[in-house]
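Undergrad: One structure follows; several queries about it will come next.
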Amino acid sequence: MILYRIVRRVFWVATRLMWRVTFEGTENVPAQGPFILAPLHRSNIDFAMMSLVTRRKLRFMGKDSLWKVKWFGWFLTTLGAYPVRRGVADRESMRSTIDILKGGEPLVLFPEGTRRSGPTVEDLYDGAAYVATRAGVPLVPVGIGGSEGALPKGSRLPRPVKVHVVVGPPIAPPPIPEGRRNPSRRAVHQLTLELQAELQRLFDLARQKAGQVG
Numbered sequence: 001m002i003l004y005r006i007v008r009r010v011f012w013v014a015t016r017l018m019w020r021v022t023f024e025g026t027e028n029v030p031a032q033g034p035f036i037l038a039p040l041h042r043s044n045i046d047f048a049m050m051s052l053v054t055r056r057k058l059r060f061m062g063k064d065s066l067w068k069v070k071w072f073g074w075f076l077t078t079l080g081a082y083p084v085r086r087g088v089a090d091r092e093s094m095r096s097t098i099d100i101l102k103g104g105e106p107l108v109l110f111p112e113g114t115r116r117s118g119p120t121v122e123d124l125y126d127g128a129a130y131v132a133t134r135a136g137v138p139l140v141p142v143g144i145g146g147s148e149g150a151l152p153k154g155s156r157l158p159r160p161v162k163v164h165v166v167v168g169p170p171i172a173p174p175p176i177p178e179g180r181r182n183p184s185r186r187a188v189h190q191l192t193l194e195l196q197a198e199l200q201r202l203f204d205l206a207r208q209k210a211g212q213v214g
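Everything in the sequence shown is counted per this note's numbering, starting at 1 for the first residue and increasing by one.
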């Protein structure tokens, strides 16, 4: 926690100076218990933004290639990240994710799966909704306006633009029927559609507050 707090403080100062970041709706983040923070993903700075919406330590998934350099892998692990193999059915990382939530810790999952571009929230993966339903924890949607302009995909240098973050109310997952271990695909997909609609609403609001739309 000491290292996490130090890095979080550095993020706070840097984001305030560089992007004049402001937050709205942080009271929607549960003060205790597990939950999934489900933000849109338009830039690599989105990870830093998520660490600032709550003082609680958050867990993150990261692509396993980031752990190839030992010292950097240690650093990521210390900050609460854990590796996942992209493009394959990584059962080990799924078990780790469920165990983290059932252990009472909150984590961040990007429902888009990867960085996307533009003002429209397109089809989401069902992963975040599935994990939330399987673990019985709420999804907390987050819209981030301005981060794509702050550090666009492929850019190495940040740009000093306004960034605004809006946290929406938690979305409760449907209960798993008695006698079943896993949720139905239909229930998971319905939750994904609900999350998509809410993320679009929050994204529009965040972009407006960041000065990206009239």
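The beta-carbon is built from N, C-alpha and C at its ideal position, and this holds for glycine as well. Being a predicted model, the structure only gives us computed values, none of them experimental.
Does the Cβ of T74 have 16 or more other Cβ atoms within 10 Å, making it buried, or fewer, making it exposed?
TA: Here residue 74 refers to the residue found at position 74 when the sequence shown is read from its first residue. Correcting the residue identity first, residue 74 is Trp in this sequence and not Thr. Exposed, since its Cβ has fewer than 16 Cβ neighbours within 10 Å.
Undergrad: Looking only at its own chain, which residues have a Cβ that is under 6 Å from the Cβ of G214, when we skip the five neighbours before and after it?
TA: The count along the sequence shown starts at 1 and reaches residue 214 at position 214. Per-residue confidence for G214 stands at a pLDDT of 49, beneath the threshold of 50, marking its modelled position as unreliable; the derived number appears in the next sentence. Result list for G214: empty, nothing under 6 Å.
Undergrad: Taking the alpha-carbon positions, what's the A135 to A172 distance?
TA: Start at 1 with the first residue of the sequence shown, and residue 135 comes out as number 135. Start at 1 with the first residue of the sequence shown, and residue 172 comes out as number 172. Roughly 11 Å between the two C-alpha positions.
Undergrad: Identify whether V167 lies in helix, strand or coil by the three-state DSSP scheme.
TA: Along the sequence shown, read from residue 1 onward, the residue named residue 167 stands at position 167. Reduced to three states, the DSSP call for V167 is strand.
Undergrad: Quick one: using the 10 Å Cβ neighbour count with 16 as the cut-off for buried, is F72 buried or exposed?
TA: Walking along the sequence shown from the start, residue 72 turns up at place 72. For F72, the number of other beta carbons within 10 angstroms of its own is below 16, and it is reported as exposed.
Undergrad: From the DSSP output, read off the bridge partner residues of I144.
TA: Here residue 144 refers to the residue found at position 144 of the sequence shown. Answer by DSSP bridge pairing, in chain order: V165.
Undergrad: Rounded C-beta distance between V161 and A206? I'm assuming under 8 Å.
TA: Taking the first residue of the sequence shown as 1, we reach residue 161 at position 161. Taking the first residue of the sequence shown as 1, we reach residue 206 at position 206. With 8 Å as the limit, V161 and A206 do not qualify as a contact, their Cβ atoms being about 13 Å apart.
Undergrad: On the premise that S117 lies in contact with R42, defined as a C-beta separation below 8 Å, what is that separation, rounded to the nearest angstrom?
TA: The residue you call residue 42 lines up with position 42 of the sequence shown. The residue you call residue 117 lines up with position 117 of the sequence shown. R42 to S117, Cβ: 7 Å. Contact.
Undergrad: Starting from G179, follow its DSSP beta bridges and name the residues at the other end.
TA: As a working note, residue 179 is residue 179 in the sequence shown. G179 pairs with nothing; no bridge assigned.
Undergrad: According to DSSP, V108 sits in a beta bridge with which residue or residues?
TA: Taking the sequence shown and counting its residues from 1, the one referred to as residue 108 is at position 108. L37, F60, per the DSSP bridge assignment.
Undergrad: Mind checking who E198 pairs with in its DSSP beta bridge?
TA: The sequence position of residue 198 within the sequence shown is 198, counting from 1. According to DSSP, E198 shares a beta bridge with no other residue.
Undergrad: Just the C-alpha distance for A132 and T114, rounded to the nearest angstrom, thanks.
TA: Taking the sequence shown and counting its residues from 1, one reaches residue 132 at position 132. Taking the sequence shown and counting its residues from 1, one reaches residue 114 at position 114. Spanning the two alpha carbons is a distance of roughly 19 Å.
Undergrad: Using a Cβ-Cβ distance under 8 Å, would G25 count as near chain B?
TA: Judged by its chain identifiers, the structure shown contains no chain B, having just a single protein chain.
Undergrad: What is the DSSP secondary structure of A132, counted as helix, strand or coil?
TA: Taking the first residue of the sequence shown as 1, we reach residue 132 at position 132. A132 falls in the helix class under three-state DSSP.
Undergrad: Identify whether Y82 lies in helix, strand or coil by the three-state DSSP scheme.
TA: The residue you call residue 82 lines up with position 82 of the sequence shown. Residue state, collapsed to three classes: strand.
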